[in-house]
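Student: Numbering (the numbering used here), first residue to last: 47 to 507.
I have a structure here, written as structure tokens, and I will follow up with some questions on it.
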Amino acid sequence: MDTTLPQEYQLLLQNASLALGALIVSAFASYWIGVAYIPVFIIFLYIGQYFKKSSSEIKRLEGVTRTPVYNLFSETLSGLSTIRAFRMEDSFIEQNRRVVDANSNLYFTYWAASRWLATRLDLLSVLIIFVVTLYLVATAGSVGSLTSALSLTYSLMLTSAVQWVMRSVDRTDNAMTSVERLLYFRQIESEDTAGKIIDELTARDPQSTGGTPRSWPSRGTIRCDQLCLRYRPELRLVLKGVDLDVAAGEKVGICGRTGAGKSSLMVALFRICDFDSGRVLIDDVDISSVNLRELRRSLAIIPQDPVLFSGPLRDNLDPFHEYADARIWRVLQQVHMADSLRRWGAGLNLEVAEGGDNLSVGQRQLLCIGRALLKDSKVVVLDEATANVDTATDALIQTTIQHTFEEKTVLTIAHRINTIMHCDKIAVMDAGRVAEFGSSSELLARPQSVFAALAKRSGTA
47 MDTTLPQEYQ LLLQNASLAL GALIVSAFAS YWIGVAYIPV FIIFLYIGQY
97 FKKSSSEIKR LEGVTRTPVY NLFSETLSGL STIRAFRMED SFIEQNRRVV
147 DANSNLYFTY WAASRWLATR LDLLSVLIIF VVTLYLVATA GSVGSLTSAL
197 SLTYSLMLTS AVQWVMRSVD RTDNAMTSVE RLLYFRQIES EDTAGKIIDE
247 LTARDPQSTG GTPRSWPSRG TIRCDQLCLR YRPELRLVLK GVDLDVAAGE
297 KVGICGRTGA GKSSLMVALF RICDFDSGRV LIDDVDISSV NLRELRRSLA
347 IIPQDPVLFS GPLRDNLDPF HEYADARIWR VLQQVHMADS LRRWGAGLNL
397 EVAEGGDNLS VGQRQLLCIG RALLKDSKVV VLDEATANVD TATDALIQTT
447 IQHTFEEKTV LTIAHRINTI MHCDKIAVMD AGRVAEFGSS SELLARPQSV
497 FAALAKRSGT A
């Protein structure tokens, strides 16, 4: 938008000026020539509008089919070793051919449509020259030779200028799609950033032993009170009157069948969607009254797929540069990554590749745990942090989580029942409600419980 669109507008204005000038000069011999141009230009406009409707849609489809070409090519390059290991070269060659063919078909169609337009514009251009020549021949003697030559010369120039105007209009219109997308995103309603900030929350919080106001949340208690949530007004409720009480420092595993509402509970906790009704209290503070940025900075989450950005390791762990290097190294020691970093030699300046591709999945997950630990949040959310790692790394991560977050309130979304058996309490979600809540031993002691059925199915019970 910053480069192509201004250039296209400049070319459009330039070609339009040339066409207007050529029109005036070519009609200099007689105003009847200008009158004869009117129906010709009406046909020009009709053809241009007809082409514009088709070309815009073809160009849009060409852009849609171009994205899979780039994505598949990038995925193929990044996974070459795996593709060769499983001898899937022919399959990926065929996939690449298929997406390239789909894009090439539309690319060819667009340029074929452009040639269709050019052919008809050429025919109309010949018609313009014919009209001017016919008039000059019919009025031989009444128009000077110099004027006749000037009119004929500029009528030839006019045909070329009009064609370029039509093409410039089409290219400018295609370039305007970027502006349309920006305007669309600009009109999206932004999240509400109003609410209490940390200073207002800590002002009412009790003083710690040292006399310094404690940060919020200072205890980590969580209470859901008749919480209802839907992702959009026209969709059904995904949480239906959830009641849940989590004590400070308690470890709670959240399980349930697919679509039961496990992840939706985390969506509510971070206020990614506004509640339909009900409330969530953290340390007796309604989170709907807390500034959204402050709320999310006060909680920590360790996702199932670890997220790392390209750049120094220090920026991945401490993006806002709030902590000293000594503190970061202590955290790395806690998550068993300090020795590896010292051995690699780069330390905190280790350059992380895009998505952390130069680190193993387990190392990326340990760094995400370190990032959460560095924040020292009283409430930590785990989304099955060991789902994509081997058994040895799984054991290391589980041990690290249990030791480093010993004094934190931890909510663990479980896709495997065995990962939450050590938790103090288990919340079993079913159809958007908390169907069962209690210790694993209590729930397993009830043969008819949902948790007992899930545990039996997974082979844990």
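All C-beta atoms in this analysis are idealised placements derived from N, C-alpha and C, irrespective of residue type, glycine included.
Only a predicted model underlies this, so the values are computations on that prediction, with no experimental measurement involved.
#1: Does the count of Cβ pairs from the segment 337–355 and the segment 403–423 closer than 8 Å reach three?
#2: Residues in its own chain within less than 6 Å of GLN209 by CB, not counting five upstream and five downstream?
#3: Is the segment 441–454 close to the segment 268–288, with three or more CB pairs under 8 Å?
#4: Quick check on DSSP: helix, strand or coil for LEU58?
#5: Measuring CA to CA, which of SER76, TYR55 and VAL331 is closest to SER264?
#6: Hey, how far is the Cα of VAL225 from the Cα of GLU54?
#7: Candidates TYR92, GLY478 and GLU482: which alpha carbon is nearest ILE472's?
#8: In this structure, how does DSSP classify VAL81 when only helix, strand and coil are distinguished?
#9: Pull up the CB-CB distance for LEU180 and LEU198, whole angstroms please, since I reckon it's below 8 Å.
#10: Pull up the DSSP beta-bridge partners for PRO328, would you.
#11: Are the CB atoms of LEU500 and ILE466 within a distance shorter than 8 Å?
#12: To which residues of the same chain is SER356 closer than 7 Å at the C-beta, ignoring the five residues directly before and after it?
#13: Using the Cα positions of LEU170 and SER214, report the straight-line distance between them to the nearest angstrom.
#14: Quick check: the segment 138–155 against the segment 108–116, are there 3 or more CB pairs under 8 Å?
#15: How many whole angstroms separate the CB atoms of TYR83 and LEU69, which I take to be in contact at a CB cut-off of 8 Å?
#16: With DSSP collapsed to three states, give me the class of VAL456.
#17: Can you pull the DSSP bridge partners for SER323?
#18: Sort MET212, LEU173, SER261 and PRO52 by Cα distance to LYS98 and report the nearest one.
#19: Cutting at 8 Å between CB atoms, please list the residues of its own chain near GLY484, excluding the five before and the five after it.
#20: What's the C-alpha gap between CYS414 and VAL381?
#21: Are the Cβ atoms of LEU345 and VAL288 separated by less than 8 Å?
#22: Along the beta strand (DSSP E) that carries CYS301, what are the first and last residues, could you check?
#23: Do the segment 90–105 and the segment 119–129 touch if we need at least three Cβ pairs shorter than 8 Å?
#24: With a CB to CB cut of under 6 Å and the five nearest residues on each side skipped, what residues in its chain are close to LEU359?
#25: Compare the C-alpha of CYS301 against each of PHE132, THR218 and THR458 and name the closest.
#26: Quick check on DSSP: helix, strand or coil for GLU280?
#27: Given a threshold of 16 other Cβ atoms within 10 Å of its Cβ, counted over all protein chains shown, does LYS502 qualify as buried or as exposed?
#28: What ranges does the beta strand (DSSP E) occupy inside the segment 391–465, keeping only unbroken runs of at least 3 residues that lie completely in it?
#29: Which of the three DSSP states, helix, strand or coil, is assigned to SER476?
#30: Going by the DSSP bridge assignment, what does GLU482 pair with across the sheet?
#31: Does the separation of the CB atoms of ILE333 and VAL326 fall below 8 Å?
#32: The alpha helix (DSSP H) spanning LEU290 covers which residue range?
#33: Based on DSSP bridge pairs, tell me the residues matched to LEU345.
#34: What separation, rounded to the nearest whole angstrom, lies between the Cα atoms of THR223 and LEU229?
#35: Look at the Cβ atom of ALA328, then the Cβ atom of VAL425, and state whether they are nearer than 8 Å.
#36: Is the CB-CB distance between GLY307 and MET134 below 8 Å?
Tutor: Taking the structure as given:
#1: yes
#2: LEU167
#3: no
#4: helix
#5: VAL331
#6: 13 Å
#7: GLU482
#8: helix
#9: About 11 Å; that fails the 8 Å criterion.
#10: Rather than Pro, the amino acid found at residue 328 in this sequence is Ile. DSSP output for ILE328 lists ILE268 and VAL331 as bridge partner(s).
#11: no
#12: VAL398, ALA399 and GLU400
#13: 18 Å
#14: yes
#15: 7 Å
#16: strand
#17: CYS274
#18: MET212
#19: LYS471 and ILE472
#20: 10 Å
#21: no
#22: 297–302
#23: no
#24: LEU394, LEU396 and VAL398
#25: THR458
#26: coil
#27: exposed
#28: 425–429 and 455–459
#29: Note that residue 476 is Asp in the sequence shown here, rather than Ser. ASP476 falls in the strand class under three-state DSSP.
#30: VAL474
#31: yes
#32: LEU290 -> not in any alpha helix (DSSP H); beta strand (DSSP E) instead, spanning 285–292.
#33: VAL425
#34: 10 Å
#35: Note that residue 328 corresponds to Ile in the displayed sequence, not to Ala. Going by C-beta atoms, ILE328 is nearer than 8 Å to VAL425.
#36: no
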